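Its first residue numbered 1, the sequence shown is counted upward by one per residue in the UniProt record's numbering.
Here a beta-carbon is modelled for each residue, glycine too, at the ideal position from N, C-alpha and C.
Quantities reported herein were computed from a predicted structural model and do not represent experimental measurements.
Down below is the structure, laid out as structure tokens.
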Amino acid sequence: MNRGLLLRFENLVQLRGACLQLRALSSRKVCGAQWKPVELSAHPVGSLPLHPQLWPKHRLISAVLSQCRHLATKEETKKKKKKIPLTRGEVEIRQKMTVEELAQAMGKDVDHIYEVLLYTDINLDSVEPDSILHEDHIKMIVQKSGMKYKSAKLKEEKERKNLDAVKRQVVSYPAVLTPRPPVVTILGHVDHGKTTLLDSLRKTQVASMEAGGITQHIGAFIVHMPSGEKITFLDTPGHAAFSAMRARGTDVTDIVILVVAAEDGVMQQTIESIQLAKNAGVPLILAINKCDKPEADPERVKKELLAHDVVCEEFGGDVQAVNISALKGENLMVLAEATVALAEMLELKADATGLVEGTIIESRKDKGKGPLTTAIIQRGTLRKGCVLVAGKTWAKVRFLFDENGKTVDAASPGIPVEIMGWKESPSAGDEILEVESEQRAQEVVAWRTYAEQQEKMKKDLEVIEAKQKEHRLEYEKKQQKLAHLTWRQRKAVLYKANKHLMFSRPKEGTEMDENTLSLIVKGDVDGSIEAILNILDSYDCEDECKLDIVYFGMGDITENDVSLAEAFNGVIFGFSVKANESIKKLADKKGIKIKLHNIIYKLIEDLKDELNSRLPPTVVETTIGEASVLDTFSVTVGKNKIPVAGCRVHKGLLDRKMKFKLIRNRDVIWKGCLSSLKHHKDDVQVIKTGMDCGLSLDKNLDFSIGDEIICYEEKEVQQTTSWDPGF
């Protein structure tokens with residue numbers, strides 16, 4: 001009895017210990033006391049108080065329930081985080097899945113997807129592993145594969161805030177605006193004396209430094225007048241290949257000086273220059289150059305320009321015309337004064353305060369300085385340390401250079417300046433905007449990159465939808481033709497019709513077509529590369545030889561360019577760039593051609609020669625002699641009768657070593673060699689004009705009186721490309 005009571009008492013003691021632990025656990029938050037485990041061994045059974053001070057019942061229950069709620073909440077959270085597994089045979093799909101992604105989601109290979117697509121309206125020729133599938137086609141593929149689909153819950157992409165940099169509002173306070181130099185662009189036909197005119201104005205030898213005397217990219221200079229005024233001149237190329245660079249020049253200009261040679265008159269680029277000035281709404285000044293030559297006729301030039309709505313002042317118009325000789329320096333000050341007078345009438349002013357705005361005229365890469373840009377400042381004052389954004393790159397200005405390469409501290413509106421400090425080379429024509437910090441510049445570049453990607457995706461989706469619509473219409477037409485068949489018969493017919501496509505699909509890693517010319521294009525400045533690429537865009541002879549531009553960029557030829565050319569079996573074309581001796585030796589060792597040029601039309605001629613070398617030779621027939629069949633007879637050789645033609649040579653000669661053809665009623669009925677050629681009874685090698693002969697063919701063929709026998713020679717002649725770049 002006493003022993004049973006003792007056991008019950010020990011159970012009560014253990015219960016009290018558990019309650020004390022619960023009390024200490026809950027009091028960590030409720031009472032703020034530090035929790036310590038209760039050591040039961042510290043209180044012997046005999047020394048325990050018989051009436052312990054227990055917690056109130058409601059506090060004990062709340063503590064236990066709080067712990068239960070805490071544990072339950074954690075379990076629920078784990079369950080929520082735990083991904084619900086897909087049932088067997090269930091595929092999770094989403095919009096805009098590619099063929100490869102769908103195959104992975106289904107646990108199949110790509111060929112399985114192609115096989116299922118045979119039963120759809122999709123043209124397999126246009127489907128690649130990275131092609132995006134329509135949602136209806138994705139569901140249909142899953143179903144036909146004996147699986148179920150489940151749409152994935154896509155996170156709704158929040159619309160990103162527009163972080164682009166924009167121009168400041170136009171300030172209309174006269175006190176803020178200050179006069180600025182006019183920006184004058186010199187336009188005209190190639191070799192009409194534009195650079196020579198600037199050369200005379202600046203008293204430097206620019207023209208002698210240019211390859212072939214042709215301006216290869218835009219030059220921006222300041223001309224200081226004796227009266228103290230400044231004029232910013234832009235010299236643009238006149239060659240047909242550089243039309244984009246001329247257009248950029250007119251976009252930032254205030255006045256256009258149209259240079260026309262007095263002996264040549266209006267030419268192709270002259271008309272284009274007039275149209276560019278009209279489109280930009282820029283006033284013209286006519287400079288009739290080379291008036292010192294005996295054949296010069298300035299009046300004829302003025303009359304020719306009337307047909308293009310360029311009316312000089314003497315004919316009642318508003319265009320000033322100045323007769324000059326850029327080479328001898330005649331009337332150049334008259335032209336400069338006319339420019340200054342027109343600029344005063346235009347009242348050109350700009351805001352030199354606040355954030356900088358400008359336009360990139362040209363960009364290039366320098367081996368020591370990195371990416372450099374020539375720019376015209378339009379608002380604000382550019383200084384060292386300014387943070388600029390242009391296109392999808394930015395710069396913290398490290399140095400500023402003038403047109404002579406000397407460092408300057410600042411550049412005000414209307415002043416051309418070369419900027420050093422760009423992270424990457426921006427494109428010519430990009431707008432320059434100053435921002436507050438480097439972080440802000442990175443935000444702008446990131447936003448522009450994102451916006452460009454979104455625009456590209458939108459266009460790609462439109463193209464995909466258009467192709468799918470086209471294929472769906474074709475599919476509906478095919479279905480109408482098969483409407484009289486049962487569905488099993490229709491599927492069988494479609495499968496048989498498309499089965500060959502599975503085996504004719506191009507495999508990855510196939511060798512490049514031999515009749516392909518791969519190009520690596522390097523140029524000195526962005527505008528030069530742009531001009532070359534514009535010319536290559538006009539290539540329309542893919543059936544003769546494919547043209548593949550593997551890479552293009554600015555700077556000298558590097559080892560990477562040679563490696564790239566080796567990988568693609570290509571040719572390196574460089575425009576106004578260099579290749580050092582080590583690069584040339586490496587290219588020679590690997591058999592890579594490096595073609596360097598300083599004049600654009602010579603580069604294009606060399607490119608055409610390279611294209612010609614890739615074309616297969618054609619066989620040309622050269623007629624050596626002609627003879628007419630006057631009579632026919634046969635001779636017996638063994639048991640065979642061989643037809644013989646009695647002929648007379650009326651042009652050239654017949655040579656037995658050459659090839660012959662038999663023409664009857666203007667149709668060639670035989671080509672081959674002669675088995676015999678005789679004059680009277682003698683075997684001969686050659687029969688000349690006016691002589692009679694008897695001949696037989698290497699084929700047993702009957703002759704007819706009046707047939708023509710042609711003796712000819714076959715020669716392989718190198719083909720020439722039919723591509724016409726336009727100059």
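Alpha-carbon to alpha-carbon, residue j and residue i
i, j, result
"F221", "E344", "20 Å"
"S628", "G694", "11 Å"
"K699", "K546", "42 Å"
"V562", "F575", "16 Å"
"S582", "N560", "13 Å"
"I594", "N279", "40 Å"
"I600", "I532", "8 Å"
"residue 730", "I529", "No answer is possible for residue 730: it lies beyond the span of the chain, which begins at 1 and ends at 727."
"W447", "Q453", "10 Å"
"T215", "N612", "Its pLDDT being 38, under 50, T215 is placed unreliably in this model, and the value from its coordinates should be taken loosely. Between T215 and N612, the C-alpha separation is close to 29 Å."
"V116", "I141", "6 Å"
"V619", "E330", "59 Å"
"P426", "K522", "16 Å"
"L382", "W723", "46 Å"
"L234", "R94", "55 Å"
"E434", "K589", "48 Å"
"I432", "V183", "17 Å"
"L198", "D430", "25 Å"
"H239", "T253", "With a pLDDT of 40 at H239, under the threshold of 50, the predicted position of this residue should be treated as unreliable, though the coordinate-derived value follows. Taking the straight line from one Cα to the other gives about 20 Å."
"R160", "L346", "43 Å"
"M691", "V635", "21 Å"
"T196", "A262", "15 Å"
"E443", "A165", "9 Å"
"K469", "K456", "20 Å"
"E156", "S131", "With a pLDDT of 46 at E156, under the threshold of 50, the predicted position of this residue should be treated as unreliable, though the coordinate-derived value follows. Taking the straight line from one Cα to the other gives about 23 Å."
"L332", "S200", "8 Å"
"D655", "R648", "14 Å"
"M512", "N665", "Per-residue confidence for M512 stands at a pLDDT of 46, beneath the threshold of 50, marking its modelled position as unreliable; the derived number appears in the next sentence. M512 and N665: Cα-Cα distance of roughly 46 Å."
Unbroken beta strand (DSSP E) run spanning residue i, endpoints
i, result
"Y551", "546-554"
"F575", "571-575"
"N289", "284-289"
"V99", "From DSSP, V99 is part of no beta strand (DSSP E) but of the alpha helix (DSSP H) over 99-106."
"L124", "Per DSSP, L124 belongs to no beta strand (DSSP E) and is neither H nor E."
"residue 741", "Residue coverage of the chain in this structure runs from 1 to 727, which leaves residue 741 outside it and unanswerable."
"E566", "Counting along the chain, E566 falls outside any beta strand (DSSP E), though it belongs to the alpha helix (DSSP H) covering 559-568."
"G421", "416-422"
"L187", "183-188"
"H597", "594-597"
"L517", "516-523"
"V717", "708-717"
"K148", "148-151"
Residue i: first and last residue of the uninterrupted alpha helix (DSSP H) it sits in
i, result
"N534", "526-537"
"I113", "110-117"
"T270", "268-280"
"I257", "I257 -> not in any alpha helix (DSSP H); beta strand (DSSP E) instead, spanning 255-261."
"H137", "135-144"
Nearest-angstrom beta carbon gap, residue j and residue i [assumed within contact, 8 Å]
i, j, result
"I274", "V223", "Between V223 and I274 the Cβ distance is about 24 Å, and since that is not below 8 Å, they are no contact."
"T232", "P181", "5 Å"
"W394", "V445", "6 Å"
"V577", "L596", "7 Å"
"Y568", "V550", "For clarity, residue 568 is Phe in the given sequence; the question names Tyr instead. That pair is a contact at about 5 Å."
"G646", "F660", "Not really, about 16 Å apart at Cβ, beyond 8 Å."
"L258", "A287", "7 Å"
CB contact below 7 Å: residue i versus chain D
i, result
"G358", "In the displayed structure, chain D is absent; only one protein chain is listed."
Inset, instruction - Determine contact between the segment 365-378 and the segment 334-342, defined as no fewer than three beta-carbon pairs at a distance below 8 Å. - result: no
Inset, instruction - Flag this pair as touching only if the segment 417-430 and the segment 392-399 have three or more C-beta atom pairs under 8 Å; answer yes or no. - result: yes
Inset, instruction - Count the C-beta pairs between the segment 285-293 and the segment 318-333 that are closer than 8 Å, then say yes if the count reaches three, no if not. - result: With a cut-off of 8 Å, the segment 318-333 and the segment 285-293 count as touching, because enough Cβ pairs lie within range.
Legend entry - Inside the segment 306-370 only - alpha helix (DSSP H) runs reaching at least 4 residues: 332-346
Inset, instruction - Check whether the segment 136-147 touches the segment 474-485, counting contact only when three or more Cβ pairs, one atom from each stretch, lie closer than 8 Å. - result: No, the segment 136-147 does not touch the segment 474-485.
Inset, instruction - Taking only runs that begin and end inside the segment 681-706, name each unbroken beta strand (DSSP E) of 3 or more residues, in chain order. - result: Runs found: 692-697.
Inset, instruction - Flag this pair as touching only if the segment 675-682 and the segment 700-720 have three or more C-beta atom pairs under 8 Å; answer yes or no. - result: no
Inset, instruction - Tell me, please, whether the segment 707-715 touches the segment 616-626 by the rule of three or more beta-carbon pairs shorter than 8 Å. - result: yes
Legend entry - Start-end ranges of the beta strand (DSSP E) lying completely within the segment 606-676, minimum 3 residues: Runs of the beta strand (DSSP E) inside the segment 606-676: 618-637, 640-652, 659-664, 667-672.
Inset, instruction - Please confirm if the segment 160-173 is in contact with the segment 455-466, defined as three or more CB-CB distances below 8 Å between the two stretches. - result: The segment 160-173 is not in contact with the segment 455-466.
Legend entry - Uninterrupted beta strand (DSSP E) stretches inside the segment 400-484 (no shorter than 3 residues): 416-422, 431-435
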